[in-house]
Amino acid sequence: MSTPIHIAHLLPVLDQHLIRLLRSLTDDDWRRNTLAPQWTVKDIAAHLLDGNLRALSMLRDGYYGETAGNIASYRDLVDFLNRLNADWVQAMRRVSPFLLIDLLERTGAPYCNYLQSLDPFAPASFSVAWAGEEQSPNWFHTAREYTEKWHHQQQIRRAVGQERPLYSRDLYHPYLDTSMRALPHHYRHVAGMAGECIRIHVASIGGGDWYLMHDGISWQLTADVAQEPDCAVLFPEDVAWRMFTKGISKTEAENQTPVQGKEALGKQVFGMLAVMG
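Each residue of the sequence shown is one higher than the one before, starting from 0 at the first, in numbering that gives the first Met the number 0.
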C-alpha cells in the first residue's frame with residue numbers, strides 16, 4: 000500500500016500537547032521511570048529535543064557534526080544511533096526541566112516548519128529502514144518523524160498516567176497507519192499462498208483495520224479486502240504501539256492479543272518493530 004500519509008500539519012499539534020504536559024509535571028514526575036530502559040521522563044524529553052536539533056542541523060542546515068563512519072549492516076546503523084542517543088541524554092541530565100521545556104518550545108516551531116516546507120514526493124535524505132526501504136519520499140520520512148514524536152510522548156504520558164489525549168482518532172490513527180507500513184517487510188520471509196489474507200485490528204477510537212494480502216509472490220498491505228480474512232489479530236489499544244516500539248515483550252503482547260483463524264500465520268506479527276531496533 001503506497002498511499003501517501005500527509006501528516007506534517009499534525010506535528011505542531013503534537014508539540015502543543017507535549018509542552019502542556021511537561022509544564023504540568025511535578026519534580027517527582029520528571030524522575031519517573033518509563034518504558035524506555037534506563038530512561039526517565041526527563042531523559043525522553045531530552046531525546047525529543049535531540050530529534051529537533053538533529054533534524055534542523057543535518058537536514059535544514061546541511062551540517063553533519065558526527066558521521067556514522069563504516070556502516071556495513073542495519074545492526075551497525077542501529078548501534079551508531081543508540082550511541083548518539085545515549086551520549087546526548089547523558090549530557091542533558093545537567094540541564095533543568097525548565098530550560099528543557101524552553102528549548103523544546105524554541106526548536107519545535109522551526110522543526111515543524113522545515114518538515115512542512117518539503118516537497119512530499121521528493122526523495123528524503125534518510126530512508127525508512129524499518130519498513131525495508133532504501134529510498135523513501137519525504138512524506139514517509141515526515142510520517143516516520145511523527146511516529147517518533149508520538150510514541151516518545153506517549154512513553155512520558157504512560158509514566159505519569161496521562162495517556163488518553165494521544166489515543167484520539169486524529170492523533171493515534173496516523174501513528175498506527177504509518178507504523179503498519181512495516182508489515183510487508185516484517186512478513187517478507189513468511190510463506191503464504193496467493194489470496195491468503197491477514198487482518199490486523201487495533202481496538203481503539205484511533206484504531207481500525209489493516210490487511211496483509213499475499214499476491215502469490217509477497218505480502219502486500221491493503222486498506223480493505225472483499226473476502227473473509229484467513230486470520231485476525233486483535234490488538235488492545237495500549238498493546239499495539241508498545242509492541243511496535245519495544246515497550247512490551249513479544250510474549251506479553253501475544254498473551255494480551257487474541258488471534259483468530261490461522262493462528263500460526265497471525266502470530267508472525269508479534270515482535271514487529273516500527274522503530275530502529
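Cβ atoms here follow ideal geometry from the backbone N, Cα and C, with glycine treated the same way.
Sort Asp-60, Leu-170 and Ile-216 by Cα distance to Gly-191 and report the nearest one.
-> Ile-216
In three-state DSSP terms, what is Asn-32?
-> strand
Helix, strand or coil for Thr-39, going by three-state DSSP, please let me know.
-> strand
Using three-state DSSP, classify Pro-228 as helix, strand or coil.
-> If DSSP states are grouped into helix, strand and coil, Pro-228 belongs with coil.
Which runs of the alpha helix (DSSP H), 4 residues or longer, sit entirely within the region 127-176?
-> 137-159
Cβ pair count under 8 Å reaching 3, the region 191-207 against the region 225-243 | yes
On the DSSP bridge assignment, give the partners of Asp-26 in chain order.
-> None; Asp-26 has no bridge partner.
Measuring CA to CA, which of Pro-183, Pro-173, Arg-30 and Leu-20 is closest to Gly-205?
-> Pro-173
Cutoff 7 Å; reference Glu-251; Cβ partners in own chain excluding five residues on either side = none
Using three-state DSSP, classify Leu-117 as helix, strand or coil.
-> coil
Grouping DSSP H, G and I as helix and E and B as strand, with all else coil, what is Met-271?
-> For Met-271, the secondary structure class from DSSP, reduced to helix, strand or coil, is coil.
DSSP three-state assignment for Tyr-62, whether helix, strand or coil = Coil, per DSSP.
Please determine if the region 133-150 and the region 2-21 are in contact, where contact requires at least 3 C-beta pairs separated by less than 8 Å.
-> yes
Out of curiosity, what's the CA-to-CA distance linking Glu-177 and Leu-272?
-> Checking the displayed sequence, the identity of residue 177 turns out to be Thr instead of Glu. Looking at the two C-alpha atoms, the distance is approximately 12 Å.
Spatial neighbours of Val-159 within its chain, please: CB distance less than 7 Å, with the 5 preceding and 5 following residues excluded, ordered by chain position.
-> Leu-24, Asp-28, Arg-31 and Val-40
Exposure label - Tyr-73; buried when at least 16 CB within 10 Å | exposed
Flag Arg-163 as yes if its beta-carbon sits less than 9 Å from any beta-carbon of chain B, otherwise no.
-> Considering every chain present, this structure includes no chain B. It has just one protein chain.
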